[in-house]
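Undergrad:
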Amino acid sequence: MTEQKKNVTPVQSTIAASIAGFTGRIILHPIDTIKARLQVQSITGSVITQQTQAQYRNTIDAAIKIHASEDFRGFYRGLGVSLLFTAPAQTLYLASYDAAKKYFGKASGEENFLVHFGSGFAAEAVSCLFWVPHVCQAK
Numbered sequence: 005m006t007e008q009k010k011n012v013t014p015v016q017s018t019i020a021a022s023i024a025g026f027t028g029r030i031i032l033h034p035i036d037t038i039k040a041r042l043q044v045q046s047i048t049g050s051v052i053t054q055q056t057q058a059q060y061r062n063t064i065d066a067a068i069k070i071h072a073s074e075d076f077r078g079f080y081r082g083l084g085v086s087l088l089f090t091a092p093a094q095t096l097y098l099a100s101y102d103a104a105k106k107y108f109g110k111a112s113g114e115e116n117f118l119v120h121f122g123s124g125f126a127a128e129a130v131s132c133l134f135w136v137p138h139v140c141q142a143k
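The letter at position 54 of the sequence shown is residue 58 when you use my numbering, and the numbering goes up by one with no holes.
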C-alpha cells in the first residue's frame, strides 16, 4: 500500500483549528469554572478577610455544590464571553503552529523535535502579539 499525503490548505487548517478551539472550550469550560471559583475564594478568603469561611473544600466539593445550587447551567456560566475570546485565540495558535510546522519541516526536510519546538515557539509568539495586553506608555 502506498501512502498518499494530502496537503491541507491554510483555510482548511484555520477551519479545523477554529472547530478544535470551540469544541475544546465547550468541553473544558466546566473545569475552568470550578478552577476560577476555587481561586477566587482563596483570594477573598485569605487576603481580603481572614474570617471568611471557604465555600468549597476541594474540586469535587465545588462541582457538587455548583450543580446543587445552579444546576448544570452553573458550569457553563460565562461560556459566551469565553468563546468570544479564547476560541479565536486557540484558532490563531493552532493555525500558526500548523503553518510554522510546515515551514520548519520544509526547511529541515523532516519532522523532529526542533521542528515542533520552533513551531510551538512561533505560534506562542504570534498569539502573544494579538492576545497579551501591551503597556502603551511607561511612566
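All C-beta atoms in this analysis are idealised placements derived from N, C-alpha and C, irrespective of residue type, glycine included.
#1: Quick one: is V44 buried, meaning 16 or more other Cβ sit within 10 Å of its Cβ, or exposed?
#2: For D65, which three-state DSSP category applies?
#3: Grouping DSSP H, G and I as helix and E and B as strand, with all else coil, what is G102?
#4: Identify the continuous alpha helix (DSSP H) that holds A126 and give its terminal residues.
#5: Once DSSP output is grouped into helix, strand and coil, what is the label at T13?
#6: Would the stretch 14-25 and the stretch 90-99 be scored as touching if the rule is three or more Cβ pairs under 8 Å?
#7: CA-CA distance, S131 and L96?
#8: So, with DSSP's three-state summary, where would you put I52?
#9: Checking 7 Å against the spacing of the C-beta atoms, do G122 and F108 come in under that value?
#10: Run through DSSP, which three-state label would D36 get?
#11: Rounded to whole angstroms, what's the CA-CA distance from S112 to V15? Just pull it up for me.
TA: So, to answer that:
#1: Around the CB of V44, fewer than 16 other CB atoms lie within 10 Å, so the residue is classed as exposed.
#2: Helix.
#3: Contrary to the premise, residue 102 reads as Asp rather than Gly in this sequence. DSSP, reduced to helix, strand and coil, places D102 within a helical segment of the structure shown.
#4: Boundaries of the alpha helix (DSSP H) harbouring A126: 117-135, taken from the DSSP string.
#5: If DSSP states are grouped into helix, strand and coil, T13 belongs with coil.
#6: Touching, yes.
#7: Using only the alpha carbons, I get a separation of about 6 Å.
#8: Low confidence applies to I52: its pLDDT is 48, below 50, so where it sits in the model is not reliable, and the reading given next is rough at best. DSSP places I52 in helix when its eight states are reduced to three.
#9: A contact, by the Cβ cut-off of 7 Å.
#10: Assignment of D36 by DSSP, reduced to helix, strand and coil, places it in the helix class.
#11: The alpha-carbon atoms of S112 and V15 are separated by roughly 24 Å.
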